[in-house]
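Everything on this sheet refers to the single structure shown next.
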Amino acid sequence: MQTLMDANGMARLGCGDCAGCSECCRGMGDSIVLDPYDIYMLQTATGQNFSQLMQDKISLHVEEGLILPSLKMQEDTDACGFLDGAGRCRIHLYRPGLCRLFPLGRNYDENGLRYFLLEDACKVGNRAKIKVRKWLDIAELPAYERFLTEWHDLRQDTKGRIMEQKSDAYTQKTNVIFLKTFYQTPYDAGQDFYGQFESRRQEFLHG
Ligand code: SF4
Ligand code: SF4
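The sequence shown lines up with residues 188 to 394 when you count with the working numbering.
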């Protein structure tokens with residue numbers, strides 16, 4: 188049984204700024220799934236919209252009928268397209284939530300969002316104990332965690348409806364609206380993300 192902790196919990200996370208290691212930026216397949224906040228941050232970092240990012244930095248995959256974007260491992264290197272030749276992240280300040288999180292996982296239950304350590308996931312030994320909130324290094328963490336919980340619920344509900352309907356037409360229509368609402372329509376980098384997400388969530392839920 189994994190130990191669950193909130194953002195004030197301590198875990199062995201300190202890996203010396205990943206010096207000399209880029210293991211979790213390579214060979215990740217489509218597992219670094221991107222949420223709307225990640226797309227907002229990638230758009231801010233690169234100035235590229237969703238379809239421009241789709242050219243070589245991100246790709247789409249299907250989870251239980253729902254189409255979601257993830258970071259694309261490059262064909263020649265099997266590494267993320269934001270990794271530079273020295274093994275460092277080109278967009279470190281804007282990196283996706285799952286990059287910030289690793290080697291932590293997220294758990295959602297009736298107690299809300301909590302974190303757990305993925306034992307042996309990080310290759311560095313002798314890691315120092317540090318606070319989860321310091322590791323995540325996210326501005327406005329309470330608002331971010333509220334967003335993550337709402338996004339998790341919405342994603343799960345949408346997958347549930349797709350699986351229940353068992354209709355190709357319903358699946359296709361839902362995916363078109365879902366992708367357009369949360370990913371393809373550019374976010375305004377000058378505006379607060381959470382307000383933009385909430386109005387899109389309302390639009391998706393209530394039309
Ligand atoms: S965005 Fe940065 S931290 Fe995340 S996988 Fe790519 S290079 Fe690594
Ligand atoms: S395996 Fe650990 S040290 Fe290596 S890049 Fe990932 S988090 Fe950093």
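For each residue, glycine too, the CB sits at the ideal point set by N, CA and C. Just so you know, these numbers come straight off a predicted model, no measurement behind them.
Item to complete: Enumerate in chain order the residues of its own chain whose CB-to-CB distance from Val311 is below 6 Å, with the five nearest sequence positions on each side excluded.
Response: These residues qualify, in order along the chain: Cys202.
Item to complete: Please determine, among Ala198, Gln242 and Tyr374, the residue with the shortest C-alpha to C-alpha distance to Gln230.
Response: The candidate whose alpha carbon is nearest that of Gln230 is Tyr374.
Worksheet item: Can you tell which of Cys211, Asp225 and Leu253 has its C-alpha closest to the C-alpha of Tyr407?
Response: In this structure the chain extends from 188 to 394, so residue 407 is not present and cannot be described.
Worksheet item: Between the Cα of Tyr227 and the Cα atoms of Gly394, Phe289, Phe380 and Gln389, which residue gives the shortest distance?
Response: Answer by Cα proximity: Phe380.
Practice prompt. Have a look at Gln371 and Leu341 and give me their C-alpha separation to the nearest angstrom.
Written response: About 17 Å.
Discussion item. Rounded to the nearest angstrom, what separates Gly382 and Phe334 at their Cα positions?
Written reply: Between Gly382 and Phe334, the C-alpha separation is close to 10 Å.
Worksheet entry | Under the three-state DSSP convention, the category Phe365 falls into | Residue state, collapsed to three classes: helix.
Worksheet entry | Presumed contact (8 Å Cβ cut-off) between Leu323 and Ala194, rounded CB distance | Taking the Cβ atoms as the reference, Leu323 lies roughly 7 Å from Ala194, within the contact range of under 8 Å.
Item to complete: Within its chain, find whatever has a CB closer than 7 Å to the CB of Asp243; leave out the 5 residues flanking it on each side and keep chain order.
Response: Same-chain partners within the cutoff: Lys259 and Gly268.
Discussion item. Please tell me whether Gly304 and Ala198 are closer than 8 Å, where the distance is taken between their beta carbons.
Written reply: A small correction: the amino acid at residue 304 is Leu; Gly does not occupy that position in the sequence shown. Cβ atoms of Leu304 and Ala198: closer than 8 Å.
Discussion item. Can you tell me which residues form a DSSP beta bridge with Arg199?
Written reply: For Arg199, which the question treats as bridged, DSSP gives the partners Lys316.
Worksheet item: Skipping 5 residues on each side, what residues in its chain have a beta carbon closer than 6 Å to that of Asp222?
Response: If you ignore the 5 residues before and after Asp222, its C-beta comes within less than 6 Å of the C-beta of Trp338, all in its own chain and listed in chain order.
Worksheet entry | Alpha-carbon spacing of Gly274 relative to Gly234, whole angstroms | A straight line joining the alpha-carbon of Gly274 with that of Gly234 spans about 23 Å.
Worksheet item: Quick one: what's got a C-beta closer than 8 Å to Asn294's C-beta in the same chain, skipping five residues either side?
Response: So the list reads Gln189, Leu191, Leu300, Arg301, Tyr302 and Phe303, once near-sequence residues are dropped.
Worksheet item: Can you name, in chain order, every residue of its own chain whose Cβ lies under 6 Å from the Cβ of Arg211, other than the five neighbours on each side?
Response: Correcting the residue type first, residue 211 is Cys in the shown sequence and not Arg. These residues qualify, in order along the chain: Phe289.
Item to complete: Use the C-beta contact count for Thr345: other C-beta atoms within 10 angstroms, 16 or more gives buried, fewer gives exposed.
Response: By the C-beta density criterion, Thr345 is buried, having at least 16 other C-beta atoms within 10 angstroms.
Practice prompt. Could you check if Arg277 is buried or exposed, using at least 16 other CB atoms within 10 Å of its CB as the buried criterion?
Written response: Result: exposed.
Item to complete: Output yes or no for whether 8 Å exceeds the beta carbon distance between Ile364 and Phe391.
Response: Here Ile364 is near Phe391, since their CB atoms are less than 8 Å apart.
Practice prompt. State the Cα-Cα distance for the pair Met241 and Thr336, rounded to the nearest angstrom.
Written response: Rounded to the nearest angstrom, the two C-alpha atoms are 26 Å apart.
Discussion item. At a cut-off of 7 Å, would you count Pro290 as near ligand 3, judging by its Cβ distance to the nearest heavy atom?
Written reply: Of the ligands one can find in the structure shown, namely ligand 1 and ligand 2, none is ligand 3.
Fill in: Cβ pair His248, Ser238 closer than 8 Å
Contact flag unset, no.
Discussion item. Among the candidates Leu255, Glu251, Ser246 and Glu250, whose CA atom is the shortest distance from the CA of Gln261?
Written reply: Of Leu255, Glu251, Ser246 and Glu250, the residue nearest in Cα terms is Ser246.
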